[in-house]
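Undergrad: To start, I am sharing the structure in question, which I have written as structure tokens.
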Amino acid sequence: MAATTISVRPTNGVSFGLDYTVTAQDVIDRSILFDFGVEYPLTPIVSIKDSTGAAKALTGLQITSHPTSGAILLDEAITEAVAEVSTITAILNDVISSEAEVTTVGCLANTSGSLNGKYFTISSPTVDYYVWYSTDGTGVDPSVADHTGINVDLPAGDSTDAEVASATEVVLDAYSGSAVFSSTATLADLEITNLVEGDATDATAGDSGFSITIDNQGVDANAGTLNGKYFLISSPTVNYYVWLSTDGTGVDPEVATRTGINVDLPAGDSTADEVAEAIQAVLDAHAAFSATVDTDTVTVTNAVAGAATNVGAGDSGFTVEVDTAGADEVDGSTFDFVEDDVISIIAQRTY
Numbered sequence: 015m016a017a018t019t020i021s022v023r024p025t026n027g028v029s030f031g032l033d034y035t036v037t038a039q040d041v042i043d044r045s046i047l048f049d050f051g052v053e054y055p056l057t058p059i060v061s062i063k064d065s066t067g068a069a070k071a072l073t074g075l076q077i078t079s080h081p082t083s084g085a086i087l088l089d090e091a092i093t094e095a096v097a098e099v100s101t102i103t104a105i106l107n108d109v110i111s112s113e114a115e116v117t118t119v120g121c122l123a124n125t126s127g128s129l130n131g132k133y134f135t136i137s138s139p140t141v142d143y144y145v146w147y148s149t150d151g152t153g154v155d156p157s158v159a160d161h162t163g164i165n166v167d168l169p170a171g172d173s174t175d176a177e178v179a180s181a182t183e184v185v186l187d188a189y190s191g192s193a194v195f196s197s198t199a200t201l202a203d204l205e206i207t208n209l210v211e212g213d214a215t216d217a218t219a220g221d222s223g224f225s226i227t228i229d230n231q232g233v234d235a236n237a238g239t240l241n242g243k244y245f246l247i248s249s250p251t252v253n254y255y256v257w258l259s260t261d262g263t264g265v266d267p268e269v270a271t272r273t274g275i276n277v278d279l280p281a282g283d284s285t286a287d288e289v290a291e292a293i294q295a296v297l298d299a300h301a302a303f304s305a306t307v308d309t310d311t312v313t314v315t316n317a318v319a320g321a322a323t324n325v326g327a328g329d330s331g332f333t334v335e336v337d338t339a340g341a342d343e344v345d346g347s348t349f350d351f352v353e354d355d356v357i358s359i360i361a362q363r364t365y
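Residues 15 to 365 (the working numbering) are what the sequence shown spells out, left to right.
What follows is the structure, given as structure tokens:
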């Protein structure tokens, strides 16, 4: 709250006084500073009359003498509004490449038709399969629910575990125009690689008795681990959510009752420092905030002072803190300056 400064030159070095008429600007400022131009404290006696000459009660008027100079401040009891200051500590944006699932199936021998109607399951990123066995056309399809069947018909008579693995390799490699699996049999072990990269349901032994080992977990490509993630921040009048995308990819989380601010990160990985820099640039350009950055931490100051909903991490994984809580102006005064009031001050040196 600004104060009008009135400079007064003393008539002597011990005591002096003045009469001052309140202006329209004083009413707006709600504070008047009288500078008597001396380098020692003064003890004031203050009286105020309204425009009719009637004395005004001074209840609620704060009168403050400077402890080392001849300055006397008169102001209404106002607690000024405070702007909220928050810090956001970012984390990295990790862009993940897709990977193909790789599975090793340890096959068993087919003895006297022991594998007839038996199966194991395996999946591509889009389809779940069951691989079932028959012997020279004999054997009942187990019809595994919600799976697509692939039949491996073993020759008449017994087959060793290595022969079962080899026969399965031939069928899987040729399945669906050789577009789903690539297989390699080494003795009884059959390594199966999905030809399409991405997350896939892990293989199971079914009722085959085979061993199953997941050598490499299938992984979907991810444009960024922060894609669609958000944190919360507010001005005194609007609640916002700040959401992140990577090179234009990412889905707006559309947080209810809040206004979205998008921070689009560049393609590829971004370090925590780089994420913080991107957030700072966007928020500092927004009319509601100013922002600075130091390594991975953004400090955001509300452009308008006043109480605001505190910052929140949302689902971002960021660390957020309120450094200075916003506060509204509080008018605790029972006194008001009125234009054309006359302030009389008699001041004496304080010893």
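Where a beta carbon is used, it is the ideal one built from N, C-alpha and C, also for glycine. Remember, it's a predicted structure, so these values are computed and weren't measured experimentally.
(1) Helix, strand or coil for Gln231 per DSSP?
(2) Between Asp310 and Asp287, how many whole angstroms is the CB-CB distance? I'm expecting something under 8 angstroms.
(3) Measure the C-alpha to C-alpha separation of Phe332 and Trp257 and round it to an integer number of angstroms.
(4) What does a CB cutoff of less than 6 angstroms around Lys70 pick up in its chain, not counting 5 residues either side in sequence?
(5) State the Cα-Cα distance for the pair Ser79 and Ala85, rounded to the nearest angstrom.
(6) DSSP three-state label for Thr366, please.
(7) Which full runs of the beta strand (DSSP E) of 3+ residues lie inside the segment 82-121, going along the chain?
(8) Buried or exposed, going by whether 16 or more other CB atoms sit within 10 Å of the CB of Glu98?
(9) What ranges does the beta strand (DSSP E) occupy inside the segment 296-350, keeping only unbroken runs of at least 3 residues that lie completely in it?
(10) Would you call Val109 buried or exposed, if buried means 16 or more other Cβ atoms sit within 10 Å of its Cβ?
(11) Using 8 angstroms as the cut-off, can you tell me whether the segment 117-127 makes contact with the segment 147-155, which would need three or more C-beta pairs spanning the two stretches below that distance?
(12) Does DSSP put Gly274 in a helix, in a strand, or in coil?
(13) So, Gly340 versus Ala322, is the Cβ gap smaller than 7 angstroms?
(14) What residues in its chain sit with their C-beta under 6 angstroms from that of Ser225, if we drop five residues either side in the sequence?
(15) Might you give, ordered along the chain, the residues of its own chain that have their beta carbon closer than 8 angstroms to the beta carbon of Leu201, omitting 5 neighbours on each side?
(16) Distance, Cα to Cα, Leu186 vs Gly153?
(17) Considering only C-alpha positions, which residue in the set Phe50, Val41, Ser83 and Ile164 is nearest to Gly31?
(18) Let me check understanding here. Comparing Cα to Cα, which of Thr182, Thr35, Thr239 and Asp172 lies closest to Val166?
(19) Does the segment 203-223 come close enough to the segment 238-257 that 3 or more CB-CB pairs lie under 8 angstroms?
(20) Restricting to Cα atoms, I'd like to know which of Ile46, Val233, Pro139 and Val325 is closest to Ala193.
(21) Taking 8 angstroms as the cut-off, does the segment 346-359 touch the segment 33-41 (at least 3 CB pairs, one atom from each stretch)?
(22) I'd like to confirm something about Asp187: is its beta-carbon nearer than 6 angstroms to some heavy atom of the ligand SAM, or not?
(23) Verify whether the separation of the beta carbon atoms of Leu209 and Ser197 is less than 7 angstroms.
TA: This is what the structure holds:
(1) coil
(2) 5 angstroms
(3) 12 angstroms
(4) Ile62 and Asp64
(5) 6 angstroms
(6) Past the boundaries of the shown model lies residue 366; the chain is included only from 15 to 365, so the question cannot be answered.
(7) 85-90, 99-103 and 116-120
(8) buried
(9) 303-308, 311-316 and 333-338
(10) buried
(11) yes
(12) strand
(13) yes
(14) Gly120
(15) Asp175, Ala176 and Ala179
(16) 19 angstroms
(17) Phe50
(18) Thr182
(19) no
(20) Pro139
(21) yes
(22) Looking at this structure, you won't find the ligand SAM or any other ligand, since it has none at all.
(23) no
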